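Working notes for the structure below.
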Amino acid sequence: MLQEESDLSLVIAQIVQKLKGSSLYAQLERQAWASLQRPEIKLESLKEDIKEYFKISGWEKKLQNAVYSELSVFPSPSHPAAPPEHLKEPLVYMRKAQGSWEKRILKSLNSMCTELSIPLARKRPVGEQKELLNKWNEMGTDEPDLSLFRPVYAPKDFLEVLINLRNPNYENGDSLSFRTHLGLIQVPLKVKDIPELKEFFVELGLTTGQLGIDDSTQVPPELFENEHVRIGQKVLAEQDSAAAQQYIRQGSPTALRAELWALILNISSQPEDILYYEQLKTNVIQHDLLVDSLIYKDVKLTASNDDYYFVFEDYLYQVLLCFSRDTSVLGHFAYNSASPPKSYIRGKLGLEEYAVFYPPNGVIPFHGFSMYVAPLCFLYHEPSKLYQIFREMYVRFFFRLHSISSHPSGIVSLCLLFETLLQTYLPQLFYHLREIGAQPLRISFKWMVRAFSGYLATDQLLLLWDRILGYNSLEILAVLAAAVFAFRAVNLMEVTSLAAAEAVLADLSTLKVMPLLQIFLFATVT
Amino acid sequence: MSVQTIRNVFSVETGYRLSDDQIVNHFPNHYELTRKDLMVKNIKRYRKELEKEGSPLAEKDENGKYLYLDFVPVTYMLPADYNLFVEEFRKSPSSTWIMKPCGKAQGKGIFLINKLSQIKKWSRDSKTSSFVSQSTKEAYVISLYINNPLLIGGRKFDLRLYVLVSTYRPLRCYMYKLGFCRFCTVKYTPSTSELDNMFVHLTNVAIQKHGEDYNHIHGGKWTVNNLRLYLESTRGKEVTSKLFDEIHWIIVQSLKAVAPVMNNDKHCFECYGYDIIIDDKLKPWLIEVNASPSLTSSTANDRILKYNLINDTLNIAVPNGEIPDCKWNKSPPKEVLGNYEILYDEELAQGDGADRELRSRPGQSLGPKGGRSRDSGRTVLTTWK
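Sequence lines, in order, name chains A and B. Going left to right, the first sequence walks through residues 0 to 525 as numbering that gives the first Met the number 0 numbers them. Going left to right, the second sequence walks through residues 0 to 384 as numbering that gives the first Met the number 0 numbers them.
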């Protein structure tokens, strides 16, 4: 009991510390001062009266939302004397693997830089700055010569690293048994099995109404949809983050989705947020970074060719270029196993005083990175809001998809979860695919790394991301991947090569996500 | 059958008669709807008729604009209406107008003007004689240019919707669920310096595909469902549903307008390509109707769409794949509709005494949802009053 209490007070202290630096704190202070004018505030009961006032005026709700937001990324309770690396990632071998992966990426970036003799960063001449400012809304028409640039890495390179991950302390014996894991990932992490998943995703069950299933043609809206929309509007009126998160587990009506996501991510567009975005924009105009070309190339290769997202090409540049200059993103490295790459001012290699983070936000984009932003363009067309939403989505969820960690939502756990589900519940399929050299993870990895963006139809993708927000976990990606394999199992059993298996699973755009998940979790005979 | 052949088939001179087992894919005088000038003429006439009858449909607002029938931008025939046009032009001299040749397609010969001097040559022979005596080569229509189109990603787009008409009297028409939006490759700007840049203003694929940024994978096309998702997410469900209801309304009204003059030959059916532009107040405008919508494809998805379109069209026009008999009642069973939805069925509407304009909210069951009640020819609107 005492231990829990002291853990809790530690957590509270840390959150208070964090929030003290935020603009919300300043606003609350101002509000408290202003409230002294009000007649109901009396000197004798000052504290209670102000608290009461906060409750009525909705400020307490805002504070609640902010605390809830902090808690969602709070690292799990650990020993108070744990060093910061431990908070990032408790397992040493994982940290080491992440470290060497980062070294490789940085080396690749540096060598590209030397090869092309382009500086990592340079200040733009005034003429170029003016030109870019004029073209800010249509950077897609810019055609810089990108042929020599290559993406720093692609998901399949990352997969190779994960496959070779081993826990040096783990000895699973020489004998092969039915318990042996047949998949590519060979690290012993705890993943949920179907009974546990059923409990975790209880709101996706057969007896609960869902958007994505119960709003289809054949179901009259009076049964579920109308009531669900009504509740959604009520949640928005109350401005309660936690309630919104619970609500969205059953899916969000299209008209309410933009606001609901903003509420759950605790994004409100304050003037200082817009100013911040403008500041980032100025940074983009003034300096040119090597990663900018990587971003251009990525957008041109992926989103520009996508049936759904090509329209928003220019928004993608506006968001991603600013993102790479945003140093506030560095904050998330406290709970991310990755560390931002460091670069040194020319001539001062190794001297810590001359080290800077490169790129300024510490995130090196890889092939397909822009697809994280693209679906958001369907919801937000105001650049600074779109930017904020993306940034929050990244520091809460997406970063886990390309860093090596033991977190249950980390990509390693997701891969393991996927493979375990497949092996346990579709053993024949798994064995068959393995025999023909088509390890299922090789096909599903790219889906999970991109959170299915660009593979599913947009409306289905948004329904999926609703659930990611609702459950504050990425595990649903692994479950969906397994469900897709289960759905196409009959065809997959007949293929005889990796290429044929890829072909069967090449087009996911007609899939309906929620029925697949429901059937896999709740309606399959185990 | 191409438009040219139809002209020959139905021309008085050839004396060709279609036999009972022959069905053709055009109505003999489809040009009443598909020629830009005739379409406008017919719609104007239809409006005046309704006004004379005192129908509530023809209600006008305080500025004299039709409340429910104002879906075609102000248009004049040139050179016939030149003087009328000049009067209108002088009322708002900073407006932009678009000149379109009456009989051409694919964006050919279209240009924008904002000064009277640019169309001087149509003023020379401004006789008041009916335009029929003018050579069709010179006939143009000039319409008020919609310079505030709804932009997505900063780009202008228009909607191409397919509508199948199996008979005009009683009116029976079907709307294809899988229409698409055509985007310009260049960002939209109403600036006068770019009035000549057709890549900014004209959405025809025939034009856009010559642009620098044309992409062959997606072809600058979006499905109507994408548009719907985007609008619902950013603008809300009510205004989006209202927009789509209005689009269906426009189509039905335009067909009703030409129904009386259309030669309702029982050997005929027709699939039209409707071009609609949405302005930034989410009001749809009918730009034109095409008799021979392009059935070639620019992308892989396109090919699949057009293939299904032809398939579904033929299934409705000629049921069961049997040798057709033009005497059949043209009421196909529900199963063959494929991706078509019943847009308006006059027989059904008159039969029940309740106007069952089965508006397609994609996915919702067709029924008297938000329907307007109608009895003995009078229509009372309830939805968007």
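Glycine included, every Cβ here is placed at the ideal spot set by N, Cα and C. From a predicted model like this one, the values you see are computed outputs, not experimental measurements.
Burial state of residue i, where buried means 16 or more other Cβ atoms lie within 10 Å
{"i": "Q249/A", "result": "buried"}
{"i": "G436/A", "result": "exposed"}
{"i": "P83/A", "result": "exposed"}
{"i": "W58/A", "result": "buried"}
{"i": "R355/B", "result": "Reliability of the predicted coordinates at R355/B is poor, the pLDDT of 39 falling under 50, and the value obtained from them is presented with this limitation in mind. Buried, because 16 or more other Cβ atoms sit within 10 Å of the Cβ of R355/B."}
{"i": "W446/A", "result": "buried"}
{"i": "S134/B", "result": "The predicted model places S134/B with a pLDDT of 46, which falls under 50 and marks its position as unreliable, so this point remains unresolved."}
{"i": "V131/B", "result": "In this prediction, V131/B has a pLDDT of 44, which is less than 50 and means its spatial position is unreliable; what the coordinates show is noted afterwards. Exposed: under 16 other Cβ atoms inside 10 Å."}
{"i": "I151/B", "result": "buried"}
{"i": "K19/A", "result": "exposed"}
{"i": "P38/A", "result": "exposed"}
{"i": "Y430/A", "result": "exposed"}
{"i": "E287/B", "result": "buried"}
{"i": "N41/B", "result": "buried"}
{"i": "R34/B", "result": "buried"}
{"i": "M138/A", "result": "buried"}
{"i": "A480/A", "result": "buried"}
Residue(s) in a DSSP beta bridge with residue i
{"i": "H286/A", "result": "K122/A"}
{"i": "K99/B", "result": "V140/B"}
{"i": "G337/B", "result": "Bridge partners of G337/B: none, in fact."}
{"i": "L342/A", "result": "Before going further, note that residue 342/A is Ser rather than Leu in the sequence given. S342/A is bridged to V355/A."}
{"i": "L150/B", "result": "K155/B"}
{"i": "V23/B", "result": "C267/B"}
{"i": "K191/A", "result": "BP columns for K191/A are empty, so no partner."}
{"i": "R171/B", "result": "T166/B, D344/B"}
{"i": "D274/B", "result": "R159/B, E287/B"}
Span of the beta strand (DSSP E), counted from its first residue to its last, around residue i
{"i": "K220/B", "result": "220 to 222"}
{"i": "T74/B", "result": "74 to 77"}
{"i": "D157/B", "result": "154 to 166"}
{"i": "V288/B", "result": "283 to 289"}
{"i": "F182/B", "result": "179 to 182"}
{"i": "G98/A", "result": "Per DSSP, G98/A belongs to no beta strand (DSSP E); it is in the alpha helix (DSSP H), 91 to 115."}
N- and C-terminal bounds of the alpha helix (DSSP H) containing residue i
{"i": "F198/B", "result": "197 to 200"}
{"i": "R302/B", "result": "299 to 316"}
{"i": "C414/A", "result": "410 to 424"}
{"i": "I388/A", "result": "382 to 395"}
{"i": "F110/B", "result": "Element bounds for F110/B: not the alpha helix (DSSP H) but the beta strand (DSSP E), 110 to 112."}
{"i": "N168/A", "result": "Where N168/A is concerned, there is no enclosing alpha helix (DSSP H), given that its DSSP letter is neither H nor E."}
{"i": "E84/A", "result": "83 to 87"}
{"i": "H247/B", "result": "236 to 257"}
{"i": "D60/B", "result": "First-last for D60/B: undefined, no H or E at that position."}
{"i": "D458/A", "result": "457 to 470"}
{"i": "Y81/B", "result": "81 to 90"}
Given residue i as reference, the closest of the options once Cα atoms are compared
{"i": "L425/A", "options": "S383/A, H286/A, S22/A, G182/A", "result": "G182/A"}
{"i": "V39/B", "options": "N146/B, K99/B, M0/B", "result": "K99/B"}
{"i": "A261/A", "options": "D305/A, I193/A, R390/A", "result": "R390/A"}
{"i": "K296/A", "options": "S402/A, T140/A, Y357/A, D214/A", "result": "T140/A"}
{"i": "V478/A", "options": "L520/A, Q427/A, L510/A", "result": "L520/A"}
{"i": "L177/B", "options": "G337/B, E345/B, D344/B", "result": "G337/B"}
{"i": "E575/A", "options": "D213/A, K384/A, R94/A, K60/A", "result": "Outside the shown range of chain A (0 to 525) lies residue 575/A, about which nothing can therefore be said."}
{"i": "S142/B", "options": "L77/B, E245/B, L170/B, E346/B", "result": "L77/B"}
{"i": "V10/A", "options": "I49/A, V66/A, Q245/A, A498/A", "result": "V66/A"}
{"i": "L170/B", "options": "C180/B, D264/B, G106/B", "result": "D264/B"}
{"i": "K220/B", "options": "L194/B, S116/B, Q207/B", "result": "Q207/B"}
{"i": "P331/B", "options": "L66/B, L115/B, Y173/B, P27/B", "result": "Y173/B"}
{"i": "G231/A", "options": "L259/A, S107/A, A241/A", "result": "L259/A"}
{"i": "F148/A", "options": "P407/A, K189/A, V290/A, K197/A", "result": "V290/A"}
{"i": "V15/A", "options": "F73/A, I49/A, Y52/A", "result": "F73/A"}
(message) By the 7 Å beta-carbon criterion, what residues does the stretch 44 to 65 of chain A contribute toward chain B?
(response) none
(request) Give, in chain order, every residue of the stretch 359 to 391 of chain A whose Cβ lies closer than 9 Å to some Cβ of chain C. (result) Considering every chain present, this structure includes no chain C. Its protein chains are A and B.
(request) Name, going along the chain, the residues of the stretch 426 to 457 of chain A whose beta-carbon falls closer than 8 Å to a beta-carbon of chain B. (result) T457
(request) With 7 Å as the limit, tell me which residues of the stretch 226 to 256 of chain B have their beta carbon closer than that to any beta carbon of chain A; keep them in chain order. (result) L228, Y229, E231, S232, T233, G235, K236
(request) Using a Cβ-Cβ cut-off of less than 9 Å, give me the residues of the stretch 502 to 515 of chain A that come near chain B, in sequence order. (result) none
(request) Output, in sequence order along the chain, the residues in the stretch 285 to 318 of chain A whose CB is closer than 8 Å to any CB in chain B. (result) S303, N304, D305, D306, Y307, F309, V310, F311, E312, D313, Y314
(request) Identify each residue in the stretch 173 to 193 of chain B for which the Cβ-Cβ distance to at least one residue of chain A is less than 7 Å, and report them in chain order. (result) Here the close residues are F182, K186.
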